[in-house]
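Numbered per full-length UniProt numbering, the sequence shown spans residues 1 to 258.
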Amino acid sequence: MAFVNNYVPPPKAPVTLPDPSKPYDINFCFPVRELETDRVRVTPFIPHLHAVALFEAITANPQVMHYMPCSTPATLEAFELFCEESYRIDTSRCMFVILDKTKLAPGDETDVAKVKNALLGTLSYINASRELSTIEPGFITILPQFQRTHVNTHAVGLLIQYALDKPSDGGLGLRRCQWQAHASNIPSARAAERLGFKPEGILRWHRPLPAERESSAPFRADDSLGVPGRHTAVFAICWDDWDNGGKEHLQGLMDRKA
1 MAFVNNYVPP
11 PKAPVTLPDP
21 SKPYDINFCF
31 PVRELETDRV
41 RVTPFIPHLH
51 AVALFEAITA
61 NPQVMHYMPC
71 STPATLEAFE
81 LFCEESYRID
91 TSRCMFVILD
101 KTKLAPGDET
111 DVAKVKNALL
121 GTLSYINASR
131 ELSTIEPGFI
141 TILPQFQRTH
151 VNTHAVGLLI
161 QYALDKPSDG
171 GLGLRRCQWQ
181 AHASNIPSAR
191 AAERLGFKPE
201 GILRWHRPLP
211 AERESSAPFR
221 ADDSLGVPGR
231 HTAVFAICWD
241 DWDNGGKEHL
251 QGLMDRKA
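Spelled out as structure tokens, the structure:
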């Protein structure tokens, strides 16, 4: 029997930046709220408040993008378009900024200069699914001067707690919170296990990388994508891990003052 395949890739929809005079629509598949400890605040990324500070910080510290599966936008406009296209339009993702709570007085959250002074980094929820009851802290970028401090533990810890805590305790009550990292990114793997994530294996050739990134391994000359690729290490904390000591383990790390 004869058959045809009339598939044509859909055209890429134009991306327009949101109107800064209107409330910013997070457009995420789960409820979102600000999260905080006594030292950091994790708040949804709002372009007109955070884009300039974050772009300037990343541009000044390009090494923080070394293991990221995307290119670094070259201009502020390109960065804002990237955030719109890669985060806000995708309902499985929500981007946050990490702020030093000790540098913000009440009301300072809308002062661009004060927010810039308090910026510690950024992270996101990605691969969120209501149907699968799963979520992932990802694209974690801590500015160099705040690495190996409390910042990563507090910021990522807040996202884990919100994901896995029961709704009666203020959380989403999800079944699975996962962590993925470039298989060569040993610091990320160590951070995951320290926070209580359990290793689940390596996904080989899991995703393509920009041409300027280092490939996990050589790829074929006639490769269908023709760009570097990475192997991905996968870790997870599931609800039963959380209810059987994981919650207390993480809280103990976050309670440390050093």
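The beta-carbon is built from N, C-alpha and C at its ideal position, and this holds for glycine as well.
For E136, there is no enclosing alpha helix (DSSP H); the residue is part of the beta strand (DSSP E) that begins and ends at T134 to I142. Per DSSP, the continuous beta strand (DSSP E) segment holding H231 begins and ends at G229 to C238.
Straight-line measurement puts the Cα of W239 at about 37 Å from the Cα of N117. One alpha carbon belongs to Q180, the other to V234, and they sit about 5 Å apart. Contact annotation: S129 and F139 have beta-carbon atoms that are not nearer than 8 Å. Beta-carbon to beta-carbon, I237 and G246 are separated by about 5 Å, close enough to satisfy the 8 Å threshold. The straight-line gap separating the alpha-carbon atoms of D243 and L76 is approximately 43 Å. Distance from G229 to P199 at the Cβ level is roughly 21 Å; contact not present, criterion being Cβ atoms closer than 8 Å. Residue environment: R220 is assigned as exposed (fewer than 16 neighbouring CB atoms within 10 Å of its CB, all protein chains considered). When beta bridges are read from the DSSP output, F96 appears opposite P44 and L123. Annotated three-state conformation of A189 is helix, per DSSP. The beta carbon of A192 sits closer than 6 Å to the beta carbons of W179 and F235 from its chain, once the five residues preceding and following it are set aside; these are given in chain order. For S215, the three-state secondary structure derived from DSSP is coil. Residue nearest to H182 within the set E248, E109, G201 and P31 is G201 (criterion: CA-CA distance).
In this structure P137 does not touch V115 by the C-beta definition: roughly 22 Å separates them, more than the 8 Å allowed.
R194 sits exposed, since fewer than 16 C-beta atoms from the chains shown fall within 10 Å of its C-beta. Here S224 carries a coil assignment [DSSP, helix/strand/coil]. The shortest CA-to-CA distance from R33 to any of A163, L174 and K12 is the one to A163. In this structure, I98 is the residue among D169, I98 and Y7 with its C-alpha nearest to the C-alpha of T141. Restricting attention to C177, L158 and R176, the CA atom closest to the CA of G170 is found in L158.
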